[in-house]
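Working notes for the structure below.
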Amino acid sequence: MYRSLAEAIRDAEAQGTTISAVALAAEARDQGRPVSEIRDALRRALAVMRGAVERGLVGDLRSASELVGGDAAKLRTGPDGPLAGTPFRDILARALAVQEVNAAMGVIVAAPTAGGAGVLPAVLTGLAAARQIDDERVIDALATAGLIGAVVAERASLSGAEGGCQAETGAAAGMAAGAAVEMLGGSPRQVGHATALAQQGTLGLVCDPLGGLVELPCVFRNATGAAIALAAIEMAMAGVEFAIPADEVIDTMGEIGASMDVRYRETAGGGLAATPTGRRLARERLYDLKRAGG
């Protein structure tokens with residue numbers, strides 16, 4: 006698999022093809038199995054993603070701590086806001102839905118992690134529904150997202166414990182932005198700019214889960230990550246180019262993560278987890294969970 010998005014872009018341009026095509030070819034070589042089998046695996050992942058979106062949008066799920074649940078349905082069916090009826094609001098609802106399923110111990114696809122799993126399915130399935138894009142193109146987009154995620158894993162990190170939430174929700178935003186640009190007909194170079202534009206907007210994002218639970222603020226950061234991805238998609242598709250290449254943005258994310266105070270790397274020792282309300286909620290909910298468990 007590629008360690009550089011720039012290399013993947015060069016290969017795609019040289020071959021007159023897409024990032025997803027070179028990603029699938031590389032994966033087939035690495036795994037020693039045909040592209041058709043890899044596409045079948047991605048098709049199964051897409052089905053799980055859609056299932057999580059649909060389940061979360063029902064609105065009856067609650068996490069064991071009861072800190073989160075039901076908010077995706079509010080966005081889907083609640084009072085009209087300024088963006089009611091738009092794909093933007095639908096995508097936000099989808100991002101919350103997947104994370105509410107995750108918090109309720111449902112089945113999701115880690116994309117790239119459980120903590121950032123709402124962004125990619127929300128953006129891809131939401132745009133596919135809005136633009137009537139067929140599943141084969143969505144599967145191509147998942148292959149592109151996988152390549153971007155692999156590059157992030159190689160050059161930086163996908164772990165909140167290592168790099169903060171910029172390595173989870175931030176990486177997910179970059180994956181979603183690049184993948185969606187290809188799905189919408191963008192060039193390999195535009196895929197790179199979309200990835201860079203999304204990830205630059207999440208640099209320094211801390212991981213500060215209340216009580217160490219992947220619930221608050223994690224669920225809502227996925228909606229924010231989806232919004233950042235949509236902004237990057239709009240800019241890249243309009244021809245906006247980011248001056249710093251995506252690989253260098255990813256490298257920078259890794260450097261920031263390595264120097265980040267341990268309080269901001271999934272320890273619940275800083276950020277929102279350390280606010281008076283955050284500490285109180287964590288004490289109350291964790292006490293309730295322990296008492297319920299006997």
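Under this note's numbering, the first residue of the sequence shown carries the number 6, and numbering increases by one thereafter.
A virtual CB, placed ideally from N, CA and C, is assigned to each residue, including glycine.
By the beta-carbon neighbour count (other beta carbons within 10 angstroms, threshold 16), residue 14 is buried. Three or more beta-carbon pairs drawn from the region 170-187 and the region 109-123 are found closer than 8 angstroms, and the two stretches are therefore classed as touching. Residue 190 and residue 289 have their alpha carbons spaced roughly 49 angstroms apart.
245 is the residue among 154, 107, 245 and 232 whose C-alpha sits nearest the C-alpha of residue 192. A direct Cα-to-Cα measurement between residue 7 and residue 274 gives close to 35 angstroms. Residue 270 sits in a strand when the DSSP states are folded into three classes. Counting only unbroken stretches of 4 or more residues, the alpha helix (DSSP H) elements lying wholly within the region 52-106 are 76-82, in sequence order.
Here residue 105 is buried: its Cβ has 16 or more other Cβ atoms, across all protein chains shown, within 10 Å. Excluding sequence positions up to five before and after residue 55, its CB lies within less than 8 angstroms of the CB of 126 and 130, all in the same chain and listed in chain order.
In the DSSP secondary-structure assignment, residue 212 is bridged to 270.
Within the same chain, 195, 196, 199, 238, 241 and 242 come within 7 angstroms of residue 186 by CB-CB distance, once the 5 residues on both sides are set aside. Uninterrupted alpha helix (DSSP H) stretches at least 4 residues long and entirely within the region 138-169 occur at 140-160 and 165-168, given in chain order. Taking a contact as a CB-CB distance under 8 angstroms, the pair residue 214 and residue 221 counts as one, their CB atoms being some 7 angstroms apart. DSSP places residue 264 inside the alpha helix (DSSP H), whose first and last residues are 251-264. In the three-state scheme derived from DSSP, where H, G and I count as helix and E and B as strand, residue 47 is classed as helix. The beta-carbon separation of residue 138 and residue 204, rounded to 24 angstroms, does not stay under the 8 angstroms limit for a contact. For residue 109, same chain residues with a beta-carbon under 6 angstroms away, outside a window of 5 residues either side, are 66 and 68 in chain order. Under the three-state reduction of DSSP, residue 41 is assigned to helix. In the three-state scheme derived from DSSP, where H, G and I count as helix and E and B as strand, residue 183 is classed as helix.
In terms of Cβ geometry, residue 183 and residue 149 form a close pair [threshold 8 angstroms]. Under the criterion of beta carbons closer than 8 angstroms, residue 161 and residue 168 qualify as touching, at roughly 6 angstroms. Note that the C-beta distance between residue 180 and residue 142 is not below 8 angstroms. Cβ atoms of residue 251 and residue 10 come within 8 angstroms of each other, at about 5 angstroms.
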